[in-house]
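Heads up: the sequence shown at position 94 corresponds to 94 in the UniProt record's numbering, and the numbers run straight through without jumps.
The beta carbon of each residue, even a glycine, is placed where N, CA and C say it ideally should be.
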Amino acid sequence: MEEDILLKLDNIELAEHEAATIPIITSDIRKSADECSRSLFEKIHGTKKANIAGLRRALNHLWQIRSSVSVRELNPNYFQFIFSDKEDKVKVSKGANWTYENQYLILQEWAEGISENHPGFQEVDIWVQAWNIPLHWLSSEVGIKLGSVFKQVKDVSVPQGGNLAGKCLRLLVTLDVNKPLLRCTHIQLEEKKILVQFKYERLVSLCFYCGHLGHLDRNCDKRMADIAAGNLREGLYGDWLKATESFFSHHINSSHPNPSPLSYTDNPINTLGFLKFQASDLKVEIPDQAASLMSTS
1 MEEDILLKLD NIELAEHEAA TIPIITSDIR KSADECSRSL FEKIHGTKKA
51 NIAGLRRALN HLWQIRSSVS VRELNPNYFQ FIFSDKEDKV KVSKGANWTY
101 ENQYLILQEW AEGISENHPG FQEVDIWVQA WNIPLHWLSS EVGIKLGSVF
151 KQVKDVSVPQ GGNLAGKCLR LLVTLDVNKP LLRCTHIQLE EKKILVQFKY
201 ERLVSLCFYC GHLGHLDRNC DKRMADIAAG NLREGLYGDW LKATESFFSH
251 HINSSHPNPS PLSYTDNPIN TLGFLKFQAS DLKVEIPDQA ASLMSTS
């Protein structure tokens, strides 16, 4: 709405005093620019409107930071968090996929011109478990290729023996929140083709009807439209897409968490149960079909 109004104003004839240009200098913006450099911008991906006071209380408890944080509401569910300590800002930005009232809080560093329409607010990083893979196929190379069906794969963990890790790979991937969640894919070695099921760790606010994050089926626009058109069908998503908490909870608070800033979740992989690989460290040939999925996602 605001962008439409600005576009309209930019294309109409203005009065003389409206068309005037007022000069400013660098010192005029020094304080506000410093605030922005200490800020994280946050968009809540969901339909439930956040209360700024409740959000501040919840995040102060969740983040466990030592300094104060000011919160500025820029638009509904779009906030600027101004940290008094830059180290606290870094800690939060490299922390978990934060959630508030079962909605993802998507954080972005400040950049000139940032708005709630920034592409980064359409992405969330999450750990995905890939199941039904033959034991002798459990490798980092396979994990990287599996991750190519997502927008980006950032990390892969491979189970070791003598642990409850089971026969699955764990992938840290970037999801496009505007697309339905992937339920499965296939991998093939020569004549053997395997269906791989995906399970998502700490998954919140999934619509079982359309498969999108950010709302539940009772608030699903597609479901409402199908009801109105007499085309209501059974939802093709469900709780089976959520990884069991007991499976991965013993990997939290590893004594050897991955120090890489790419792994910014609250679930560092236990190196006693998994071998870790950074996607950037692996040189893997990705088939043309998978490569095209990466480039178009």
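For serine 115, count the other beta carbons within 10 Å of its own beta carbon; 16 or more makes it buried, fewer makes it exposed. Which is it? Taking the first residue of the sequence shown as 1, we reach residue 115 at position 115. With fewer than 16 other Cβ atoms within 10 Å, it is exposed.
Determine the burial state of isoleucine 29: buried for a count of at least 16 other Cβ atoms within 10 Å of its Cβ, exposed for fewer. By one-based count along the sequence shown, residue 29 stands at place 29. Looking at its Cβ environment, which holds fewer than 16 other Cβ atoms inside 10 Å, isoleucine 29 is exposed.
Three-state secondary structure (DSSP) of leucine 206: Looking up residue 206 in the sequence shown gives position 206. Strand.
So the alpha helix (DSSP H) arginine 56 belongs to, where does it begin and stop? One-based indexing of the sequence shown puts residue 56 at position 56. Looking at the DSSP string, the run of the alpha helix (DSSP H) that includes arginine 56 is 52-63.
Alpha-carbon to alpha-carbon, aspartate 217 and arginine 223: Within the sequence shown, numbered from 1, the residue matching residue 223 stands at position 223. Within the sequence shown, numbered from 1, the residue matching residue 217 stands at position 217. If you draw a straight line from the Cα of arginine 223 to the Cα of aspartate 217, it is about 7 Å long.
Which of helix, strand or coil DSSP assigns to arginine 66: To locate residue 66, count along the sequence shown from 1; it is residue 66. If DSSP states are grouped into helix, strand and coil, arginine 66 belongs with coil.
Does the segment 32-44 come into contact with the segment 78-88, if we say contact requires no fewer than three beta-carbon pairs (one atom in each stretch) closer than 8 Å? yes
Per DSSP, what kind of secondary structure is residue 344 in: helix, strand or coil? The structure shown does not extend to residue 344, since the chain is modelled only from 1 through 297, so no value can be given for it.
Look at the alpha carbon of leucine 146 and the alpha carbon of glutamate 190, and state the distance between them as a whole number of angstroms. In the sequence shown, residue 146 corresponds to position 146, counting from 1. In the sequence shown, residue 190 corresponds to position 190, counting from 1. If you take the alpha carbons of leucine 146 and glutamate 190, they lie about 16 Å apart.
By Cβ distance below 6 Å, which residues in the same chain neighbour tyrosine 209 in space, the five residues on each side in sequence not counted? Locating residue 209 in the sequence shown gives position 209, counting from the first residue. Asp217, Cys220, Arg223, Gly235.
Between which two residues does the alpha helix (DSSP H) harbouring arginine 183 extend? Counting from one through the sequence shown, the residue named residue 183 turns up at place 183. Premise fails: arginine 183 is in no alpha helix (DSSP H) and is neither H nor E.
So, at 6 Å on beta carbons, what are the nonlocal neighbours of lysine 167 in its own chain, with the 5 sequence-adjacent residues on each side left out? Here residue 167 refers to the residue found at position 167 of the sequence shown. Closer than 6 Å at Cβ, skipping near neighbours: Leu135.
CB-CB under 7 Å to proline 76, same chain, minus the five flanking residues each way: which ones, in chain order? Residue mapping note: residue 76 aligns to position 76 of the sequence shown, counting from 1. So the list reads Lys49, once near-sequence residues are dropped.
Are the segment 50-67 and the segment 3-11 touching by the rule of at least three beta carbon pairs closer than 8 Å? Touching, no, given that fewer than three Cβ pairs across the two stretches are closer than 8 Å.
For glycine 238, the nearest candidate out of Val196, Pro180, Lys151, His186 (CA to CA): Numbered from 1 along the sequence shown, position 238 holds the residue referred to as residue 238. That would be Pro180, whose Cα lies nearest to the Cα of glycine 238.
Can you tell me whether DSSP reads isoleucine 25 as helix, strand or coil? Taking the first residue of the sequence shown as 1, we reach residue 25 at position 25. Residue state, collapsed to three classes: coil.
Of all the options Lys31, Gln108, Val71, which has the alpha carbon lying nearest to the alpha carbon of glycine 95? By 1-based counting over the sequence shown, the position of residue 95 is 95. It is Gln108.
Same chain, Cβ closer than 7 Å to threonine 99, neighbours up to 5 away in sequence not counted: Translated into the one-based positions of the sequence shown, residue 99 becomes position 99. The answer, listed in chain order, is Leu105, Val204.
Give every residue of the same chain whose Cβ lies closer than 6 Å to the Cβ of lysine 43, excluding the five residues on either side of it in the sequence, and list them in chain order. If you number the sequence shown from 1, residue 43 lands on position 43. Contacts found: Tyr78, Ile106, Glu116, Phe121.
For a minimum of 3 consecutive residues, which ranges assigned as the beta strand (DSSP E) are wholly contained in the segment 70-120? 78-83, 104-109
Counted within 10 angstroms of its Cβ, other Cβ atoms place glycine 46 as buried (16 or more) or exposed: Start at 1 with the first residue of the sequence shown, and residue 46 comes out as number 46. Under this definition glycine 46 is a buried residue.
Of all the CB atoms in chain C, is at least one closer than 8 Å to the CB of phenylalanine 150? Here chain C cannot be found, since the structure has a single protein chain.
Would valine 177 pass as a contact of valine 128 if the rule is Cβ separation under 8 Å? Reading the sequence shown from its first residue, position 177 is the one you call residue 177. Reading the sequence shown from its first residue, position 128 is the one you call residue 128. The Cβ-Cβ distance between valine 177 and valine 128 does not fall below 8 Å.
Option nearest alanine 111 by Cα separation, candidates Pro23, Asp34, Ile25, Leu182: By one-based count along the sequence shown, residue 111 stands at place 111. With distances taken between Cα atoms, alanine 111 lies closest to Asp34.
I'd like the list of long-range same chain contacts for glutamate 18, defined as Cβ closer than 7 Å, with 5 residues on each side in sequence excluded. On the sequence shown, residue 18 is found 18 positions in, with the first residue counted as 1. Cβ within range, chain order: n/a, list empty.
Grab me the residues of glutamine 152's own chain with a C-beta within less than 7 Å of its C-beta, minus the 5 sequence neighbours each way, in chain order. Counting from 1 along the sequence shown, the entry for residue 152 is found at position 152. Closer than 7 Å at Cβ, skipping near neighbours: Val173, Thr174.
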